[in-house]
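For what it's worth, the UniProt record's numbering labels the leading residue of the sequence shown as 1, then goes sequentially.
Cβ coordinates follow ideal geometry from the N, Cα and C atoms, glycine included.
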Amino acid sequence: MAELELGRHCDVPDCRQLESKKCEEAKSKKRKGAKNSETAAKVALMKLKMHACGDNSVPQTERIYFQVFLPKGNKEKSKPMFFCSKWSIGKVVDFAASLASLKNDNNKSTSQKLRLCHAVSGEALPFEHTLETWLSDKDYPLYNGGNIILEYLDNDVLFIEDTESYFSYLLTSEKMADPWQECMDYAVGLARKAGEIIRGALKEEISVMTKSSPVDLVTETDQKVENFIISLIKEKYPSHSFIGEESVAAGEGSILTDNPTWIIDPIDGTTNFVHRFPFVAVSVGFVVNKKMEFGIVYSCVEDKMYTARKGKGAFCNGQKLKVSGQEDITKSLLVTELGSNRDPETIKIILSNMERLLSIPIHGIRAVGTAAVNMCLVATGGADAYYEMGIHCWDMAGAGIIVAEAGGVLLDVTGGPFDLMSRRIIAASSQAIGERIAKALQIIPLRRDDATN
């Protein structure tokens, strides 16, 4: 689309030059809403990157993402879009109108113009200004990941009076269409904050305790992070259920029901955390009717946020993930762990299984010390399969759906259907590799997570 001529729409006066009471009210309203808008935009940005449409020739470093709310009466209420930060507001309007198939007579002498309006104050942005000018303006902030409104306004109208009406309708319809998306968005923010706590703790002296064995470690940070996450989710969703690693270690049950259930591992990779080995993750899985609805794994030292929503794909920092699709086991790279069980017979089976797989042969076996990150590596295509016996539902609930939504498969180590409470898993890039791994494995007897006696 050709760049708009400078001043093409200058017949509409710039609101900054109007010394009216309405302008001053708008300024005040913007300042009050700026802090909340900035926080919301940071949370929304990753989601927008997953779904936004725009000009793919725009460099990643110049892309600015908005949830664009469309004119009232339009069948589609909003659309995620990205634009170039260097574009004029006029070009942004023209491009957005094209993406949303809106009537656009801005280059004609008409009584109405399609305007881009500030989501907080409702002010129509001057056509000749650039997008980056508004992004950097302290008094008139727009935020990457924020909201913006497109609306038809009479030439003498410079404001939308009721901006809230655009958002309230969408929020209601979104909740009806996907009741768990709000839960996921909230959990992404909590996982990021939990990661900040963990990164801070890595700089301090770490107090270490043990659980089931001298190598099954837990720290005060594990407990602090789990309490932080669960207390805030309980406050927001009091009817939901919870299964947390440290809560179970303290004596609480881990029975999975049909109720919406949050399954949380506050620090997946505690031994890594103790030794400051840089693969440590916050894992959050959300299960309804015993089916995984979404998963979040935040590898906080790497600052990699892995997410997946059922039926909507898997992402890392907003970039869509896809498994390798490798079907030839002899060309595969596997990931697994040795676990924390030091029973000699169990160790013998673990090492024997590795030997069986290596002698197929395969390219190799790797271990990074966290089940959740291991599975996410399969989702990225960096590894072709992950297998392990002896882990728990909180190790698998967040990352399992990430692998599945990236095109992978989840199997039991027997080759049968995956069971979240069974404490064992094969997460593979293809059914063929998963089944071949299952064929090679000797099974380790395990007590299920939901065992009651």
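Bridge partner(s) assigned by DSSP for residue i
| i | result |
| --- | --- |
| Met-209 | Val-218 |
| Lys-72 | According to DSSP, Lys-72 bridges with nothing at all. |
| Gly-146 | Phe-66 |
| Pro-344 | Bridge partners of Pro-344: none, in fact. |
| Phe-242 | Trp-262 |
| Pro-80 | Gln-67 |
| Arg-424 | Met-389 |
| Phe-315 | Thr-307, Lys-320 |
| Gly-364 | Leu-333 |
| Asp-154 | Gln-112 |
| Glu-123 | Phe-159 |
| Val-409 | Ala-428 |
Spatial neighbours of residue i in its chain, beta-carbon cut-off 6 Å, leaving aside the 5 residues before and after
| i | result |
| --- | --- |
| Met-46 | Gly-318 |
| Cys-316 | Lys-304, Tyr-306 |
| Glu-337 | Ala-367, Glu-388 |
| Ala-249 | Lys-211 |
| Ala-432 | Glu-327 |
| Val-409 | Ala-428, Gln-431, Gly-434 |
| Ile-89 | Leu-116, Leu-125, Phe-127, His-129 |
Rounded Cβ spacing between residue i and residue j (contact assumed at less than 8 Å)
| i | j | result |
| --- | --- | --- |
| Gly-434 | Ala-385 | 6 Å |
| Ile-197 | Phe-228 | 7 Å |
| Ile-255 | Gly-244 | The pair is not a contact, with the Cβ atoms about 13 Å apart (cut-off 8 Å). |
| Asn-107 | Leu-114 | Actually they are not in contact, since the Cβ atoms of Asn-107 and Leu-114 sit about 11 Å apart, beyond 8 Å. |
| Ile-444 | Gly-390 | 6 Å |
| Val-225 | Ile-267 | 6 Å |
| Ala-191 | Val-43 | Actually they do not touch by this definition, with Cβ atoms about 11 Å apart. |
| Val-218 | Glu-246 | 7 Å |
Extent of the continuous beta strand (DSSP E) run through residue i
| i | result |
| --- | --- |
| Asp-395 | Taken as a continuous stretch (DSSP letters only), Asp-395 belongs to no beta strand (DSSP E), being part of the alpha helix (DSSP H) at 393 to 405. |
| Leu-116 | 112 to 118 |
| Ser-57 | Here Ser-57 belongs to no beta strand (DSSP E), and DSSP marks it neither H nor E. |
| Ile-444 | It is not in any beta strand (DSSP E) - Ile-444 carries neither H nor E in the DSSP assignment. |
| Ala-249 | Per DSSP, Ala-249 belongs to no beta strand (DSSP E); it is in the alpha helix (DSSP H), 245 to 249. |
| Phe-418 | Per DSSP, Phe-418 belongs to no beta strand (DSSP E) and is neither H nor E. |
| Phe-286 | 281 to 288 |
| Leu-256 | First-last for Leu-256: undefined, no H or E at that position. |
Interface flag, residue i vs chain C, CB-CB below 8 Å
| i | result |
| --- | --- |
| Gly-381 | The question asks about chain C, but that chain is absent: this structure has only one protein chain. |
Close Cβ partners of residue i (< 7 Å) along its chain, the five nearest in sequence each way excluded
| i | result |
| --- | --- |
| Pro-179 | none |
| Phe-418 | Leu-410, Leu-411, Asp-412, Ile-425 |
| residue 457 | Summary: the structure shown does not reach residue 457, with the chain confined to residues 1 through 453, and so no result is reported for it. |
| Met-81 | Ala-52, Cys-53, Gly-54, Phe-66, Val-68, Ala-96, Leu-99 |
| Ser-352 | Gln-442 |
| Thr-380 | Cys-316, Leu-321 |
Endpoints, alpha helix (DSSP H) assigned at residue i
| i | result |
| --- | --- |
| Arg-436 | 431 to 440 |
| Glu-293 | That residue, Glu-293, is in no alpha helix (DSSP H); its beta strand (DSSP E) goes 291 to 299. |
| Ala-372 | 371 to 380 |
| Ala-308 | Where Ala-308 is concerned, there is no enclosing alpha helix (DSSP H), although the beta strand (DSSP E) it sits in stretches over 304 to 309. |
| Lys-91 | 89 to 99 |
| Gly-195 | 181 to 201 |
| Leu-135 | 131 to 136 |
| Val-274 | 270 to 275 |
Close beta carbons around residue i, own chain, < 8 Å, minus the five adjacent residues each side
| i | result |
| --- | --- |
| Leu-70 | Glu-76, Lys-77, Ser-78, Lys-79, Ala-100, Leu-102, Leu-150 |
| Glu-313 | Glu is not the amino acid found at residue 313; the sequence shown has Gly there. If we look at Gly-313 and ignore the five residues flanking it on each side, its Cβ neighbours are Met-50, Lys-320, Leu-321, Glu-405, Ala-406. |
| Asn-289 | Asp-258 |
| Lys-29 | With a pLDDT of only 49 at Lys-29, under 50, the local geometry of the prediction cannot be trusted, and no value is derived from it. |
Distance cut-off 7 Å: residue i Cβ against heavy atoms of the ligand COA
| i | result |
| --- | --- |
| Met-305 | Annotation note on the ligand COA: not contained in the displayed structure, which lists no ligands. |
Answer yes if the stretch 394 to 402 comes into contact with the stretch 339 to 357, meaning at least three C-beta pairs across the two stretches below 8 Å, and no otherwise.
Contact fails: fewer than three Cβ-Cβ distances are below 8 Å.
Determine, using beta-carbon pairs with one atom in the stretch 155 to 169 and one in the stretch 183 to 196, whether at least three such pairs fall under 8 Å.
No, the stretch 155 to 169 does not touch the stretch 183 to 196.
Are the stretch 326 to 333 and the stretch 292 to 299 touching, with three or more C-beta to C-beta distances below 8 Å?
Result no; under three Cβ-Cβ pairs closer than 8 Å.
Do the stretch 60 to 70 and the stretch 141 to 149 make contact, defined as three or more Cβ pairs closer than 8 Å?
Between the stretch 60 to 70 and the stretch 141 to 149, the count of C-beta pairs closer than 8 Å reaches three or more; the two stretches touch.
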